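Residue numbers (my numbering): 187 to 428. Let me begin by presenting the structure, written as structure tokens, before commenting on it.
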Amino acid sequence: MRFTFTTEPARFIERPNRYVILAEIRSGVTVRAHCPDPGRLRELLIPGATVHLSSTPREGRRTTHELRFVERPETGLLISLDSRLPNALFREALDERTLEPFSDWTAYEPEVFLPASGGRIRSRADFLLRGQDGARTWVEVKSATLVEDRCAYFPDAVTERGRRHLEELAAIARSGERAAVCFIVQRPDADMLRPQWDRDPAFAEALEEAERAGVLLTAYNADITLSEATLRRRIPVLTGRP
DNA sequence: GCAGGATAGCGTCGGGCATG
DNA sequence: CATGCCCGACGCTATCCTGC
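Put into structure tokens, the structure is as follows:
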């Protein structure tokens, strides 16, 4: 997927709130940029780190720039910080039928309500695919940016909502329909993905339980450049406690 | 008084709904 | 039918509140 924006490098200063960062661009001016990834990002947004911003001037907008990437300090490797990108990448891959587990559809629909379970409020799945045989597959796409020792970790911060999604997918799988999670790691340097047992044990347990219930767990890493993002290869999801 | 839990607000986007 | 407004989603953090 080619990006429709261009970026300029900047030096990360601070993050006054989860949506906003301050960074110094080359002219020496400090600018406010919207942070499109509400995760914690503690390991990535370190003062002094090189980030890449696109200019987004628009009337009524409170920031002049959008945070797009952060560089890994030692290597300069680019990491995308846009939590909307994984969804777009997944959709593009659906259209091009490049992901083996998700290539056999006759129609799909984004943002669909999950079947109501127990009369509770229904949450939404990212995609609903219809197969050749008419069978339905519910897919939840998740964005991961944190990698340590070539292992991606999800979530970055405790996610009540993410856990609930997994439980709902597990219920779907038990009812005989298909359900899947697709983690998109927005960087190339991960060979596997694990849940964060210490930061969010409830999510990790729900992921294990979802797998037992028959939910398909998939993950892909991505090549990120200043001009495009490409899903690179499928990596294993390891649910067990390390 | 203190610790821990609950909650609001932060910026943007897009879906849904109301209005013309 | 087209346009535009409003509100929900997203997670971190500061602040407020509750209960001991």
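Heads up, the beta-carbon is just placed ideally off N, CA and C, and yes, glycines get one too. Quick caveat: nothing in here was measured; it's all calculated off a predicted structure.
| Query | Result |
| --- | --- |
| Alpha carbon of residue 206 to alpha carbon of residue 362, nearest angstrom | 43 Å |
| Cβ-heavy atom distance, residue 357 to the ligand GTP, below 6 Å | This structure does not include the ligand GTP; it has no bound ligands of any sort. |
| Length at least 4, wholly inside the segment 250 to 293: the alpha helix (DSSP H) runs in chain order | 271 to 282 |
| Rounded C-alpha distance that separates residue 357 from residue 400 | 10 Å |
| Inter-residue spacing [alpha-carbon to alpha-carbon] between residue 189 and residue 364 | 32 Å |
| N- and C-terminal bounds of the alpha helix (DSSP H) containing residue 393 | 387 to 399 |
| Buried versus exposed, by CB contacts within 10 Å (16 or more), residue 387 | exposed |
| Neighbourhood of residue 306 by C-beta distance below 6 Å, restricted to the same chain and skipping five residues each side | The predicted position of residue 306 is uncertain, since its pLDDT is 40 and thus under 50; a value taken from the coordinates is nonetheless stated next. For residue 306, where only same-chain residues beyond five positions count, there are no Cβ hits under 6 Å. |
| C-beta atoms of residue 373 and residue 337 nearer than 7 Å | no |
| Residue 410, DSSP secondary structure in three states | strand |
| Short Cβ contact (7 Å threshold) for residue 198 with residue 235 | yes |
| Contact under 7 Å by Cβ, residue 383 with residue 390 | yes |
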